[in-house]
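*Asks:* There's a structure below that I have some questions on.
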Amino acid sequence: MTQSEHDEPRVESKPLVDLMEHYIGLRVSLYCVATLAVLYTLYAARSLFLPIVVALFFSLLLSPLVSWLKRLHVPRSLSSVLLLCVLGGPFVILSIELAEPAQKWLGKVPELTVQVTEGLTDIGDSLSPAAAPEVDVAPVVVPERETGFSFARFFGVYDDEPVAAPVVEKPEPPAESALVEGVKKGGVDILLSVLGVAPFIVAQFALWMILVLFLLIYGPGLYDNAINLLPMIRNKRRAILLVGRLRQELSRYILTVTIINATLGLVTGSVLWMLGVEDAVLWGALVGLLNYAPYVGTLVSLSILAIAGASQYGFNIEALLPAAIFFGLNTLEAQFVTPAILGQNMRLNPLVLILWLVIWGWLWGPVGVLIAVPLLVCLKLVATELKVLNYWVELVETQS
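Residue numbering for the sequence shown is 206 to 605, as defined by our numbering.
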């Protein structure tokens, strides 16, 4: 063999290259089909998966407290019921207090729709071209008949026939624009949809309470037996440590975010109450709840507070006062308070976060938007602890 033949690079055969390309294309196609199948399953069975996922989050949050009480010889069943009563009591009392103003505002939806309609009509009239000037029409004068003798009248011919008075048609009321009709219809549809899903929400809440209670009582024992019995889990100690770490970090995250959101709602409600805004407690509780969904919850809160301000102060600059106050407080919380408390371990890329919120909002509606961020944090913690999908974790944490 000559030196030139020895230095010539090896070239892979074309059938092998074609086979590798076919394998890669088949693998990508399978991943796409599997992703679409999972999304369709989550969407079609959302009434089944939604209470289960929410119950899992709450059980992870309360499980450390139940385990701590277990070490103090308090039975898990008793501690679980006590924790649900202690934590659920304030929420029940707050819900009872807010039920009356919430019903009042739901009943005012048609009235608010009319106010918004009138505002849109005024804006449309101001933007429409000036109406054509009215043309004055001279009145028709009917000549008087002569009383003397006339040959024309003798033979039944009248040369001074009276002219009939013109028929004046009443102007029809201006037709409403499609935007105004859409707003009216939308207000009624919102009211009917809220009233229609109320029994379903009550049933979902009852199912959620039962699932949380059973997960707190029987969940840890079932998980420990699954770790010990399943043969595919080889490193059992690592699996137990993983769940413990995940439970601790997720509990810390949810508890911290809950305290921040509750403080934001309390401060917002207090400031609105001092300024004389109606039902300030309701708006404070609402913005605290919606703050679990970054960006999206802020926009919804601003819209609701703007409508509440317009209902109380009318369509003027004062109507923007509640929304402006919340915007200032929310900006302070999002830019300084939350990053300082949570640190860099929970950082998430804003674009990835928005896309994630949109996906889960489409899948599971408002509840999906609220649990989207804790779910993303949970997946990020699992990937970090298992040291898998490192590129995905770095992508989620990408900052500007």
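Ideal placement from N, C-alpha and C gives every residue a C-beta, glycine not left out.
Return the CA-CA distance between L288 and L224, expressed in angstroms with no decimal places.
*Replies:* 59 Å
*Asks:* Assign S508 to buried or exposed, taking buried as 16 or more other Cβ atoms, counted over all protein chains shown, within 10 Å of its Cβ.
*Replies:* exposed
*Asks:* Residues in the same chain with beta-carbon distance under 8 Å from T461, minus the five sequence neighbours each way, listed in chain order, please.
*Replies:* I546 and L547
*Asks:* Identify whether P269 lies in helix, strand or coil by the three-state DSSP scheme.
*Replies:* Correct three-state label for P269: helix.
*Asks:* Taking the alpha carbon of V258 as the reference point, which residue from P295, I522, L558 and A577 has its own alpha carbon closest?
*Replies:* A577
*Asks:* Once the 5 residues before and after V340 are set aside, which same chain residues still bring their CB inside 6 Å of it?
*Replies:* Reliability of the predicted coordinates at V340 is poor, the pLDDT of 48 falling under 50, and the value obtained from them is presented with this limitation in mind. Non-local C-beta neighbours of V340 in its own chain, meaning closer than 6 Å and more than five positions away in sequence, are absent.
*Asks:* If I measure Cβ to Cβ from L274 and keep anything under 7 Å in the same chain, skipping five residues before and after, which residues do I get?
*Replies:* S284
*Asks:* Flag this pair as yes or no: are the beta carbons of E523 and L469 separated by less than 8 Å?
*Replies:* No, these two residues do not count as a Cβ contact at 8 Å.
*Asks:* Is it true that the CB of W488 sits closer than 8 Å to the CB of G474?
*Replies:* In contact: G474 and W488 (Cβ atoms closer than 8 Å).
*Asks:* Is Y518 helix, strand or coil when you go by DSSP?
*Replies:* helix
*Asks:* Using 8 Å for Cβ pairs, my map puts L575 next to A498. What's the rounded Cβ distance?
*Replies:* 6 Å
*Asks:* Considering Q453, what are the terminal residues of the alpha helix (DSSP H) in which it resides?
*Replies:* K441 to M479
*Asks:* Kindly list the residues whose CB is nearer than 8 Å to the CB of L303, restricted to its own chain and excluding five residues on each side of it in sequence; keep chain order.
*Replies:* Annotation for L303: V486, L487 and A490 place their beta carbon closer than 8 Å to its own, counting only its chain and skipping 5 residues before and after.
*Asks:* I'd like the list of long-range same chain contacts for D429, defined as Cβ closer than 8 Å, with 5 residues on each side in sequence excluded.
*Replies:* I445
*Asks:* For a test of the three-state rule: what should DSSP assign to K275, helix, strand or coil?
*Replies:* helix
*Asks:* In this structure, does DSSP put D484 in helix, strand or coil?
*Replies:* coil
*Asks:* Could you give the residue range of the alpha helix (DSSP H) that holds P544?
*Replies:* T543 to L547
*Asks:* Ordered along the chain, which non-local residues of its own chain (more than five positions away) have a Cβ less than 7 Å from that of P236?
*Replies:* Position check: residue 236 holds Tyr in this sequence, whereas Pro was assumed. Around Y236: no qualifying Cβ.
*Asks:* What does the alpha-carbon distance come out to for the pair L525 and L311?
*Replies:* Whole-angstrom Cα-Cα distance: 21 Å.
*Asks:* Return the CA-CA distance between A513 and G566, expressed in angstroms with no decimal places.
*Replies:* 25 Å
*Asks:* Rounded to the nearest angstrom, what separates L267 and L510 at their Cα positions?
*Replies:* 33 Å
*Asks:* Suppose the cutoff is 6 Å on Cβ atoms and the five residues either side in sequence are ignored; what does the same chain contact list for Y248 look like?
*Replies:* L568
*Asks:* Please go through the same chain and pick out, in chain order, the residues whose beta-carbon is closer than 7 Å to the beta-carbon of F254, but skip the five residues on each side of it.
*Replies:* L247
*Asks:* Tell me, to the nearest whole angstrom, how far the beta carbon of L534 is from that of V472; I am working on the premise that it is less than 8 Å.
*Replies:* 6 Å
*Asks:* Quick one: Cα of W597 to Cα of L299, how far?
*Replies:* Straight-line Cα distance between these residues: approximately 40 Å.
*Asks:* Are Q453 and P256 close, meaning C-beta to C-beta below 8 Å?
*Replies:* Their beta carbons are not under 8 Å apart, which means Q453 does not touch P256 by this criterion.
*Asks:* How about V492 and F531: do their beta carbons lie closer than 8 Å?
*Replies:* Annotated as proximal: V492 and F531, with beta-carbon spacing under 8 Å.
*Asks:* From V271, R439 and L447, pick the residue whose C-alpha is nearest to that of G419; which is it?
*Replies:* Looking at the sequence shown, residue 419 is not Gly but Phe. Selected option, being the one with the closest Cα: V271.
*Asks:* Pick out whichever of N496, L292 and L412 has its Cα sitting closest to the Cα of L260.
*Replies:* This sequence places Ala at residue 260; Leu is not what is there. Answer by Cα proximity: L412.
*Asks:* Looking only at its own chain, which residues have a Cβ that is under 8 Å from the Cβ of K592, when we skip the five neighbours before and after it?
*Replies:* none
*Asks:* Could you compute how far the alpha carbon of V582 sits from the alpha carbon of L455?
*Replies:* 8 Å
*Asks:* How far does the alpha helix (DSSP H) with T589 in it extend, from its first residue to its last?
*Replies:* For T589, the enclosing alpha helix (DSSP H) stretches over residues P555 to L591.
*Asks:* Pick from L553, G230 and L580: whose alpha carbon is nearest that of Q604?
*Replies:* L553
*Asks:* V505 to L434, Cα distance in whole Å?
*Replies:* 48 Å
*Asks:* Leaving out the 5 sequence neighbours to the left and right, which residues in its chain are closer than 8 Å to Y458 when beta-carbon positions are compared?
*Replies:* Answer for Y458: L547, M551, P579 and V582, listed in chain order.
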